[in-house]
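Novice:
Numbering (my numbering), first residue to last: 108 to 279.
1) Within 10 angstroms of its Cβ, does residue 208 collect 16 or more other Cβ (buried), or is it exposed?
2) Express the C-alpha separation of residue 190 and residue 242 in angstroms, rounding to a whole number.
3) With a 10 Å radius around its C-beta and 16 neighbouring C-beta atoms as the bar for buried, classify residue 193 as buried or exposed.
4) Could you give the residue range of the beta strand (DSSP E) that holds residue 272?
5) Out of 169, 279 and 142, state which residue places its alpha-carbon closest to the alpha-carbon of residue 222.
6) By Cβ distance, which residues of its chain are closer than 7 angstroms to residue 199, with the 5 residues on each side in sequence left out?
7) Are residue 264 and residue 228 touching if we call contact CB-CB under 8 angstroms?
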């Protein structure tokens, strides 16, 4: 199945110069969504993760069903003000700003093999922050998987040598 036909593109959103790739139509189509999760599971299986982490919000939508398919846990990396208690954090840059992600202290166990999952890789800032956070927690970032990759931005270079794989590629 050509998943690209289920991804809409909006030029100039959220600001001029950005070409927004929207996976909403893919998620709304049961067959395309299932194909996406199955394809990500096939890529994830050889890494043998103990847990999957996904950033708010689209990383949740992809990471949770993928974790279910693999029979592993899922950790939500949340934005500021969304989690109570003691938190670990990772700051990251976007192609149009910056933000911080948080996870509850102790939710990722030391030495756990952690798979990072998101909808899209652009500049690599979010993935790089999560790779760093996972390492800081004494766990092992084993790979980063996304549905969409913007190849011209070369975001995967920011967190080498952690492997990266995507399902759909756009130049920009």
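Even for Gly, the Cβ is constructed at its ideal location relative to N, Cα and C.
Specialist: Reading it off the structure:
1) Along the chain shown, one-based indexing puts residue 208 at 101. Result: buried.
2) Within the chain shown, the letter at position 135 stands for residue 242. Within the chain shown, the letter at position 83 stands for residue 190. Approximately 21 angstroms between the Cα atoms of the pair.
3) Position 86 of the chain shown, counted from the start, is the residue given in the question as residue 193. Exposed is the call here.
4) As a working mapping, residue 272 is identified with position 165 in the chain shown. 271-277 is the extent of the beta strand (DSSP E) around residue 272.
5) As a working mapping, residue 222 is identified with position 115 in the chain shown. Of the listed residues, the one whose Cα sits closest to residue 222 is 169.
6) Here residue 199 corresponds to residue number 92 of the chain shown, with the count starting at 1. For residue 199, where only same-chain residues beyond five positions count, the Cβ hits under 7 angstroms are 205, 206, 208, 232, 233, 235 and 236.
7) As a first step, residue 264 must be located in the chain shown, where it is residue number 157. As a first step, residue 228 must be located in the chain shown, where it is residue number 121. It is not a contact, given that the beta carbons lie outside the stated cut-off.
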